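Visitor: Residue numbering for the sequence shown follows this note's numbering, starting at 4 and increasing by one per position. C-beta atoms are modelled at their ideal positions from N, C-alpha and C, and glycine is treated no differently. In this text the structure is predicted, and so the values were computed from the model without any measurement.
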Amino acid sequence: RQWMNQLRFLVGHYDSPIASLNSDPRVVVQGAFTGGGAQADFRKTEYHFDGTDFLTCARGKHELSFGIDVPDISRRGFDDFTLRAGSYTFGSLHDYAANLASTLVVQQGQGHVVFLEKVLSGFIEDNIRLKPNFSLYLGIRYYWQNYFHDDPNNIAPRFGFAYAPSKDRETVVRGGAGVFYDRSGPSPIADLLHFNGINLLRFIVENPAYPPPTSLLGVPTSVVVLDPHARIPYTVQYSIGIERQVTAKSTFSATYIGSRGIDLFRSIDANAPRPPEYLARPKPNLGQEREIESEGYQKGTALELTFRGKLSKFFSGQVQYTLSKTYNNTGGITYFPANSYDPNSDWARSDNDRAHKFDLLGSAQPTRFFTFGAALSLYSGKPVNVTTGTDSNDDGVINDRPAGVQRNLLHGPGFINLDLKVGHDFTLSKARKEARTLTVSLNSFNVLNHRNDVTYVGVITSPFFGQAVQAQPPRRMQLEIQFKF
């Protein structure tokens, strides 16, 4: 019997202030530009602890591990002074020229909150070698996070296996499944404490006067609340695959991977004007009632084909092709559906869905003087969402789509990137036990200088519709020197 204990912990302090260069109101013209002041004054402070402590016992066919995992215990401070002069949104360039603003969002009041965020988990797992050609993994974890109704039912079982059916053991079948819980992060907790109708007051004005100032007299404040039935989201992941040894130092594998995201976070306006007229909010003394709920769903499948190994004494690497698709009806905890009364109608390709991905990672040492490395990525495009640029349903969220148009309808262009590296090791001592090495390398990123656009104008009324407004960095060169001793 062998026992081993591992303890790891981290204690840290972070201070992240953001200050705007001027205090002018922000101006957003949908599908065109953003101007004015940033209105982004914000400060986050954090005293942070995380750590793990687990014990492993190996006896016979079993390797048993159990312990605790503390991903986060933090005292966090949020000072929110954003949008004090407000942010005006215009539906089009024509509306901007005519001073016809669609919405104004402005915040007033106490922007300072302090809270303690706690995320804890415990686990027990057993790796069992039942036979020389068959091993089994069984485990269970428990997750807990405060502020989300302290739900005690976050139990996450998981299992896996590996089986070599042939005597030569050159073929291995692997599979497994498990439940994995998510975390909310600190920002939604701060929103719940900030926008409670008392501390930080958020006003959303429809069709405000422009240029400023705009009167807030009689405008009800907006709040953030938590759905009483909300719980921590979780994902069920499962996979099955086969790996075959091709040569003495290389393998080929094919793996099917599936995932189901359940009870995913999203936000709805529980006080949105009712369709089809959208005339008034059900609670006239309240503005937007952002309700954080866990009703989202995600479904993903993928097939991975991977070749890895050493083709010769000079070259080794990995080549992988992935065919996949991912659909969901939420983009995260701050995501609002186009229609808060029918959020499931946003079911479509996820924002990061890529049908095809090809990756090549390789290194070569044709001579003893130089080492070469390469990384090639070829991806198909992400989806692009089409919107009207206006707030037709007066819910304060400008994400409305044209009638009959589903979310993420268009298909963006692909991604092409090649990185190269060449280096040389200078040995500064002959003794192996006290080896000192100076490594000089030249790294080049996006060698082809290919333009990889990442953000596109999806406002259908914009003259820039379909055009890119943001791209990945161009070609870059980096000289790197490392001293190892």
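Compute the Euclidean distance between the alpha carbons of Asn2 and Thr59, then round it to the nearest angstrom.
Guide: The structure shown does not extend to residue 2, since the chain is modelled only from 4 to 488, so the question has no answer here.
Visitor: Is DSSP giving Asn347 helix, strand or coil here?
Guide: In the structure shown, Asn347 sits in a helix (DSSP, three-state: H, G or I).
Visitor: With respect to the alpha helix (DSSP H) encompassing Asp422, which residues constitute its N-terminal and C-terminal limits?
Guide: No alpha helix (DSSP H) holds Asp422; the beta strand (DSSP E) holding it covers Phe418 to Thr430.
Visitor: Report all residues from its chain with a CB closer than 6 Å to the CB of Gly384; omit the five preceding and five following residues, and keep chain order.
Guide: The answer, listed in chain order, is His414, Gly415, Pro416 and Gly417.
Visitor: Grab me the residues of Asn402's own chain with a C-beta within less than 7 Å of its C-beta, minus the 5 sequence neighbours each way, in chain order.
Guide: If we look at Asn402 and ignore the five residues flanking it on each side, its Cβ neighbours are Phe339, Ala341 and Thr390.
Visitor: Could you pull the start and end residues of the alpha helix (DSSP H) that Tyr99 belongs to?
Guide: Element bounds for Tyr99: Leu96 to Ala100.
Visitor: When you compare each of His359, Leu314, Ser315 and Ala351 to Gln323 by their alpha carbons, which one comes out closest?
Guide: Nearest C-alpha to Gln323: His359.
Visitor: According to DSSP, what are the bridge partners of Lys328?
Guide: Bridge partners of Lys328: Thr304.
Visitor: Assuming contact is defined by CB atoms lying nearer than 9 Å, are Phe81 and Val108 in contact in what I supplied?
Guide: Not in contact: Phe81 and Val108 (Cβ atoms no closer than 9 Å).
Visitor: I'd like to know whether the C-beta atoms of Asp83 and Gly114 end up nearer to each other than 9 Å.
Guide: Against a cut-off of 9 Å, the Cβ pair of Gly114 and Asp83 comes out as a contact.
Visitor: Taking the straight line between their C-alpha atoms, what separation do you get for Gly392 and Phe467?
Guide: So the alpha carbons of these two residues sit roughly 12 Å apart.
Visitor: Measure the C-alpha to C-alpha separation of Asp230 and Gln481 and round it to an integer number of angstroms.
Guide: Taking the straight line joining both Cα atoms gives about 49 Å.
Visitor: How long is the line joining the alpha carbons of Pro278 and Asn396, rounded to whole angstroms?
Guide: The alpha-carbon atoms of Pro278 and Asn396 are separated by roughly 8 Å.
Visitor: Establish whether the CB of Tyr281 and some CB of chain C are separated by less than 9 Å.
Guide: Among the chains of the structure shown, chain C does not appear; only one protein chain is present.
Visitor: With which residues is Ser447 paired in a DSSP beta bridge?
Guide: Answer is Leu423 and Met480.
Visitor: Which residues in the same chain as Lys252 place their Cβ atom closer than 7 Å to its Cβ, once the five residues preceding and following it in sequence are excluded?
Guide: Closer than 7 Å at Cβ, skipping near neighbours: Gly312 and Lys313.
Visitor: Pick helix, strand or coil for Asp266, following the three-state DSSP scheme.
Guide: Asp266: strand per DSSP, three-state reduction.
Visitor: Pull up the distance between the alpha-carbon of Gln148 and that of Val472, whole angstroms please.
Guide: For Gln148 and Val472, the distance between alpha carbons rounds to 39 Å.
Visitor: What separation, rounded to the nearest whole angstrom, lies between the Cα atoms of Glu120 and Asp56?
Guide: Answer to the nearest angstrom: the Cα atoms are 20 Å apart.
Visitor: Taking the alpha-carbon of Asp75 as reference, which of Tyr50, Tyr99 and Gly63 has the nearest alpha-carbon?
Guide: Residue Tyr50 is the option with its Cα nearest to Asp75.
Visitor: With C-beta atoms as the reference, is Ala378 less than 9 Å away from Leu421?
Guide: A contact, by the Cβ cut-off of 9 Å.
Visitor: How is Ala243 classed by DSSP in three states: helix, strand or coil?
Guide: Correcting the residue type first, residue 243 is Ile in the shown sequence and not Ala. Strand, per DSSP.
Visitor: Return the CA-CA distance between Ala498 and Val32, expressed in angstroms with no decimal places.
Guide: This structure cannot speak to residue 498, because the chain is shown only from 4 to 488.
Visitor: Just verifying my parser: in three-state terms, what is the DSSP assignment at Ala341?
Guide: Correct three-state label for Ala341: coil.
Visitor: Identify, in the order they occur along the chain, each residue of the same chain with its Cβ nearer than 6 Å to the Cβ of Val400, setting aside the five sequence neighbours on each side.
Guide: Closer than 6 Å at the Cβ level, and outside the excluded window around Val400, lie Phe339.
Visitor: Rounded to whole angstroms, what is the Cα-Cα separation between Phe488 and Ser319?
Guide: Spanning the two alpha carbons is a distance of roughly 26 Å.
Visitor: Are the region 152-167 and the region 134-144 in contact at 8 Å, needing three or more beta carbon pairs?
Guide: Enough Cβ pairs lie closer than 8 Å, so yes.
Visitor: For Phe198, which option in Ser90, Gln291 and Thr458 has the closest C-alpha, if you only look at C-alpha atoms?
Guide: That would be Gln291, whose Cα lies nearest to the Cα of Phe198.
Visitor: For Arg144, which beta-bridge partners are listed by DSSP?
Guide: For Arg144, which the question treats as bridged, DSSP gives the partners Phe126 and Ala159.
Visitor: Going along the chain, which residues of its own chain have a beta-carbon closer than 6 Å to the beta-carbon of Glu246, five neighbours each way excluded?
Guide: Excluding residues within five positions, the ones whose Cβ falls inside 6 Å are Val175, Thr254 and Ser256.
Visitor: Thinking C-alpha only, which one of Glu294, Tyr300, Ser26 and Leu451 is nearest Ala351?
Guide: Comparing Cα-Cα distances from Ala351 to each of Glu294, Tyr300, Ser26 and Leu451, the minimum goes to Tyr300.
Visitor: Using three-state DSSP, classify Ser190 as helix, strand or coil.
Guide: Helix at Ser190.
Visitor: Using the beta-carbon count (16 or more within 10 Å), is Pro287 buried or exposed?
Guide: It is exposed - the Cβ of Pro287 has fewer than 16 other Cβ atoms within 10 Å.
Visitor: So which of Phe69, Ser242, Gly261 and Pro20 has the shortest CA-CA distance to Asn130?
Guide: Comparing Cα positions, the closest option is Phe69.
Visitor: Taking C-alpha atoms, which residue in Leu67, Leu10 and Arg87 lies nearest to Asp53?
Guide: Nearest option by C-alpha distance: Leu10.
Visitor: Please classify Leu195: does DSSP put it in a helix, a strand, or coil?
Guide: It is helical.
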